[in-house]
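Engineer: The structure is given below, and queries will be raised subsequently.
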Amino acid sequence: MKAIEQYVHINDLRNYFFPAYENLTQEQIEWKTEGYKNNIAFLLRHTAQAEDWFLNAVIFEKSGFAPKRKNELPTIKELLAYLRETRSNTIAFLEEYDISVLKETRSMPEGFRGKKVEQPTIEWLIKRVFDHEVYHLAQVNLMMRLQGIDPPSM
């Protein structure tokens, strides 16, 4: 059994949300509400960067790995392409390895800003990536609603 079999609904939210995100303008992705420092572009970029970092720096243990930066992802097209690229890499990893890989542990390198977790399992890391995405996609949908844009619904 391959690890991917644990994640059969891996892109459910993306399949609903991304078509609506593709229609956002540059002004809409850069808009910020008063008292809030992040915009849609930041939230989507950060989500992709985190998945890229967890897979490469933590799971594959590539030292010095750095995800794509803001200047490489100026438009919604590039942001969504990066999100698709990072998810494709995660899926390729999960399709390649047996389910037993999920029980392996890794050391958390410098750069993780969350609560320190000693020797997390790969299963925990992958779940963290997906939970993190859900959190930020909800924020994106809220930012759309605050701009008077109907967010995608399920």
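In my numbering, the protein residues as written are 162 to 315. For every residue, glycine included, the Cβ atom is placed at its ideal position computed from N, Cα and C.
From this set, Val169, Glu256, Gln167, Leu244, which residue's C-alpha is nearest Phe178's C-alpha?
Structural biologist: Leu244
Engineer: So, at 6 Å on beta carbons, what are the nonlocal neighbours of Glu183 in its own chain, with the 5 sequence-adjacent residues on each side left out?
Structural biologist: none
Engineer: Quick check on Pro228: buried or exposed, where buried means 16 or more other Cβ atoms within 10 Å of its Cβ?
Structural biologist: buried
Engineer: Taking 8 Å as the cut-off, does the stretch 235–250 touch the stretch 207–226 (at least 3 CB pairs, one atom from each stretch)?
Structural biologist: yes
Engineer: Is the beta carbon of Ala202 less than 7 Å from the beta carbon of Ile220?
Structural biologist: no
Engineer: Which stretch, first to last residue, makes up the alpha helix (DSSP H) that contains Thr251?
Structural biologist: Start and end: 237–257.
Engineer: If you reduce the DSSP assignment to three classes, tell me which class Thr208 lands in.
Structural biologist: helix
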